[in-house]
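S.K.: To convert a position in the sequence shown, counted from 1, into the numbering used here, add 28.
Next up is a structure, given as structure tokens.
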Amino acid sequence: MFGDLFEEDYSSVPSNQYGKGRKLKTKTVEPPAPREFTNLSGIRNQGGTCYLNSLLQTLHFTPEFREALFSLGPEELGSLEEKDNPDAKVRIIPLQLQRLFAQLLLLDQEAASTSDLTDSFGWTSNEEMRQHDVQELNRILFSALETSLVGTSGHDLINRLYHGTIVNHIVCKECKNVSEKQEDFLDLTVAVKNVSGLEDALWNMYVEEEVFDCDNLYHCGTCDRLVKAAKSAKLRKLPPFLTVSLLRFNFDFVKCERYKETSRYTFPLRINLKPFCEQITLDAVMNYTSRK
29 MFGDLFEEDY
39 SSVPSNQYGK
49 GRKLKTKTVE
59 PPAPREFTNL
69 SGIRNQGGTC
79 YLNSLLQTLH
89 FTPEFREALF
99 SLGPEELGSL
109 EEKDNPDAKV
119 RIIPLQLQRL
129 FAQLLLLDQE
139 AASTSDLTDS
149 FGWTSNEEMR
159 QHDVQELNRI
169 LFSALETSLV
179 GTSGHDLINR
189 LYHGTIVNHI
199 VCKECKNVSE
209 KQEDFLDLTV
219 AVKNVSGLED
229 ALWNMYVEEE
239 VFDCDNLYHC
249 GTCDRLVKAA
259 KSAKLRKLPP
269 FLTVSLLRFN
279 FDFVKCERYK
289 ETSRYTFPLR
299 INLKPFCEQI
309 TLDAVMNYTS
319 RK
């Protein structure tokens, strides 16, 4: 769609006459090798897919995800050469993801294209030019992969690496009854507005209590009336890889438009999640190291 943005140019500098008949030597000018310094490859933006590219790079740089994906062979996924054969079962999305990761790892290029991958999503050119929420895309991509991998040895890949649970408690201040609700998650969406950074946001979500009183009472099923109560949440089960998405987009009710929070947001390279977990167990007191 955009052509080859990084096509190598092997043109030579033309000869010319300068001064007293001196002739400059012809010199072949070649661009430096794309991976000369970093040994890394980028992903080409299709117009509005920078959010997709950042998500794909995080998956690519998670060895456990990448290697599990590469371990699935054609006997399980089929072959892209058979994708137009109605009798062949071809799992196109994981195959295109494999191909993209292979290009990022092996090809001597500055940037790889995601056109084939987004085509496998069924996206049109309008979708490629429109910005989406990366949180929504993360869940849609994981759901599509899970569906594609049903019946293969990678059927539990997403659940095994990214699934966690949150438990919400509401405590009645009158009878002390505790109402509990468990939620599953594949990523945590944390606030950006009015917080200084990740630890501050997690503290507000999983340490601070929300109080129901005055004009905002809670209906207790045991008391069968409106009462004062306190609501809290804790992380019950942590996944091996905790994905955190920043809620940078908000809505301005005065201007009736969306806007992006651009304030400074800090996060540590290592974070202790014990204060945010339901109980101290070997599974719940893991330190997560940020992947850069």
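We treat Cβ as the ideally placed atom computed from N, Cα and C, and that holds for glycine.
By DSSP, does tyrosine 190 sit in helix, in strand, or in coil?
M.R.: The answer is helix: DSSP assigns tyrosine 190 an H, G or I state.
S.K.: Would you say isoleucine 198 and lysine 259 are within 8 Å of each other, going by their C-beta atoms?
M.R.: Contact flag set, yes.
S.K.: Can you tell me where the beta strand (DSSP E) with glutamate 238 in it begins and where it stops?
M.R.: Run containing glutamate 238: 238-240, per the beta strand (DSSP E) assignment.
S.K.: From the DSSP output, read off the bridge partner residues of histidine 247.
M.R.: Answer by DSSP bridge pairing, in chain order: Leu254.
S.K.: How about leucine 266 and glycine 192: are their beta carbons less than 8 Å apart?
M.R.: Yes, they are a contact pair.
S.K.: Take serine 148 and list the residues in its own chain whose beta-carbon comes closer than 7 Å to its own, dropping the five residues that flank it on each side.
M.R.: Contacts found: Ile120, Ile121, Gln124.
S.K.: Give me the DSSP bridge partner(s) of histidine 197.
M.R.: Per DSSP, Glu208, Ser260.
S.K.: By Cβ distance, which residues of its chain are closer than 7 Å to lysine 221, with the 5 residues on each side in sequence left out?
M.R.: Closer than 7 Å at the Cβ level, and outside the excluded window around lysine 221, lie Asn278, Glu289.
S.K.: Leucine 177 to aspartate 144, Cα distance in whole Å?
M.R.: Approximately 19 Å between the Cα atoms of the pair.
S.K.: By DSSP's criteria, leucine 105 is part of a beta bridge. Which residues make up the other side?
M.R.: Its beta-bridge partners do not exist; DSSP assigns none.
S.K.: Let me confirm a value: glutamine 307 is counted as buried when at least 16 other C-beta atoms fall within 10 Å, else exposed. Which label applies?
M.R.: Exposed, since its Cβ has fewer than 16 Cβ neighbours within 10 Å.
S.K.: Where in the segment 69-117 do unbroken runs of the alpha helix (DSSP H), each at least 4 residues long, occur, reported from the N-terminal end onward?
M.R.: Listed in chain order, they are 78-88, 91-98, 102-105.
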